[in-house]
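Following: one structure in structure tokens, then a few remarks.
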Amino acid sequence: MISARGGIKRRLRPLTRQFAVYAVGEGWTGALGIGNFQEDIPGHYDDEEEFTILKPMYTGPVHSVATGWGHTAVLTPNRELLMTGRPHDFSALLRLKRLPKMIRDYSVRQTVESTVLDSPKMKTESRGIDLFNPTELVGSLVSWLSDSLSPDAKAWETARSQSILSTLTAVEATEGNVHQPVAVACSAGFSAFITKEGHLYAFGLNSYGQCGSGYTVNNLWHPTRVTGLSSEFAEGPRAQMEQSFPITQVELGLQHAICLNSEGEVFCWGKGERGQLGQEVIMGESHTALPVKKTFSFTGQEDVVAAFEGGSKPIYERIGKVRQVAAGMIHSAALTDNNRVLIWGKHVLPAFGDDVGKKIASDATLPFVLHGLPSSLRVEKIACGSHHTAMLLEDGSVWGVGVASDDKVPIHIPVKMVPAGVIEMPVRQFAAHMDRTTIVGNSGRIVHQVHLWKDPEIQEYAMFTPPWLDQLLLQDGDMTILEVHRSWVHSIVVTDP
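No gaps in the numbering here: position 238 of the sequence shown is 237 in numbering that gives the first Met the number 0, and each next residue is one more.
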């Protein structure tokens, strides 16, 4: 194409591709955002060999992206929050996943088409169900049960517009959209976002107080301010206390949440029966945010297993200033300014006391200082998968603890998952999700994924490239990867120009 400007002719370069968000995985949740619940896009599972041309679910710049178990959230530069899938659902997803694909697809289709019964009595005549077709009969029954047993079934009509979304749909962030979201996080049927002012809102399932609203209810259909984010001593109900400082980060576990404020203070709320709230005593649940203040360690003890077996006495101290937090399925983690990695929750300690011989590991109700990392190296980032915690060090090595892919007994002394010199530093993204850790290198052209393995021989060959990467690079030789978000049955890939 030739253009003339100011009397000088010049050849214009082709238009560059915009930012784009791609989705791969199973389509029945709606999280792929392609408008079709029956279509799967290969690339999420490691053993897939057939691939198709990937089309973006969203084209244009993005400010933040997150994946829940059955939904996807995209935050645009103008702070519009878009969602697709099932942002308020978890238990029905589990039930549907267990069904044969044919019956599951039928059940989902019935629900999406709003032909689910509005009363316990099945109206087969009005819906034209073939009474001699077992697939239709079973699918209809499952569809009805799925919706009848889901939270707030009685309010289905009012919640219908937010329950199942087949494409990215705008969600009203706050009343009147007065506050602009700047970061979003998603998990199992609930989501949270931080506003420009540093306020924190959450919505979705709230039966354990995981939305931090100060009370429990089956489902919060509208974003509600998280309560209890005060640095002051609570002389009364924490839910009534004013927030002290802006929130800078939020991470969501299965049914609990953790956040960090601008002063480096940590707060947790939601379900806490395995110690994931970081309190001195076990709390079944907390409906409002609680400060995490104490930590414990063993002085001069590098081997935590030996410390517990030898009956060493723990040393308790204040947690100090934190610069990053992370949430696993039922555990939490934090990285402090003085280079300490803290972990607490389910099975993060070797079995001790009454747990010896009865359990594979013990829970930590307070943050435990992780021992065994190279003390001379700075920990750059931490990330939590469903049952493991990964740490990126300044030399590019990656270390991990938790439940390995080849053994159900947790690892409590950090093992090297990736040696130094392999990863392009500084990284674009370091994230853990479900059973693996993902590292996007500095160039955006190399994406590594790695499992935590206990077997040393497997550790040497643990890294691999996700199956969708080659397909994307074949489609566009200039494409670079910005972020990867992997969830239960789908993955989201964010690319940049």
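Glycine included, each C-beta is placed from N, C-alpha and C at the ideal position.
- Contact check, H447 vs I457, beta carbons under 8 angstroms: no
- So what's I491 in DSSP terms, helix, strand or just coil? strand
- Message: Contact between the stretch 275-291 and the stretch 207-219 is defined here as three or more beta-carbon pairs at a separation below 8 angstroms; is this criterion met?
- Response: yes
- Task: Take T264 as the anchor and find which of S229, W467, T58 has the nearest alpha-carbon.
- Result: Residue identity check: residue 264 is Glu in the sequence provided, not Thr. The shortest Cα separation from E264 among S229, W467, T58 belongs to S229.
- Message: Counting C-beta neighbours from all protein chains within 10 Å, is the total for Q474 16 or more, i.e. buried, or is it exposed?
- Response: exposed
- 6 angstroms CB neighbourhood of G197 in its chain, flanking five on each side removed: P245, I246
- Item | Limits of the beta strand (DSSP E) - the one that P222 falls within | 216-224
- Query: Just to confirm, are I281 and T364 a CB contact at a threshold of 8 angstroms?
  - Reply: yes
- Query: Roughly how many angstroms lie between the CA atoms of V492 and L74, to the nearest whole one?
  - Reply: 14 angstroms
- Cβ neighbour criterion (16 or more within 10 Å) applied to A169: exposed
- Task: Please list the segments of the alpha helix (DSSP H) lying wholly inside the stretch 415-492, counting only runs of 4 or more residues, in order along the chain.
- Result: 455-458, 466-474
- Task: For H221, count neighbouring C-beta atoms within 10 Å of its own C-beta (all shown protein chains included) and say buried if the count is 16 or more, exposed if not.
- Result: exposed
- At what residues does the alpha helix (DSSP H) containing Y44 begin and finish? Counting along the chain, Y44 falls outside any alpha helix (DSSP H), and DSSP gives it neither H nor E.
- From G401, S106, A419, I342, pick the residue whose C-alpha is nearest to that of H411; which is it? G401
- Item | Residue environment, D336, which counts as buried when at least 16 other CB atoms sit within 10 Å | exposed
- Integer Cβ distance of S490 from H43, believed to fall under 8 angstroms: 5 angstroms
- Item | Residue closest to Y315, alpha-carbon to alpha-carbon, out of V421, A72, F297, A382 | F297
- Task: For M478, I'd like the list of residues in its chain whose CB is within less than 7 angstroms of its CB, leaving aside the five on either flank, ordered along the chain.
- Result: L471, L472, T494
- Message: Comparing C-alpha positions only, which one of I102, L348, D405 sits nearest to K358?
- Response: L348
- Query: In this structure, what does DSSP give as the bridge partners for N205?
  - Reply: V216
- Anyone know if the C-beta pair for K345 and R317 falls short of 8 angstroms? no
- Message: Measuring alpha carbon to alpha carbon, tell me which residue in E79, D405, G69, G319 is nearest K195.
- Response: E79
- Query: With a Cβ-Cβ cutoff of 8 angstroms, do A403 and T436 count as a contact?
  - Reply: no
- Task: Name the one or two DSSP bridge partners that G344 has.
- Result: H330, A363
- Element boundaries [beta strand (DSSP E), containing M390]: 387-392
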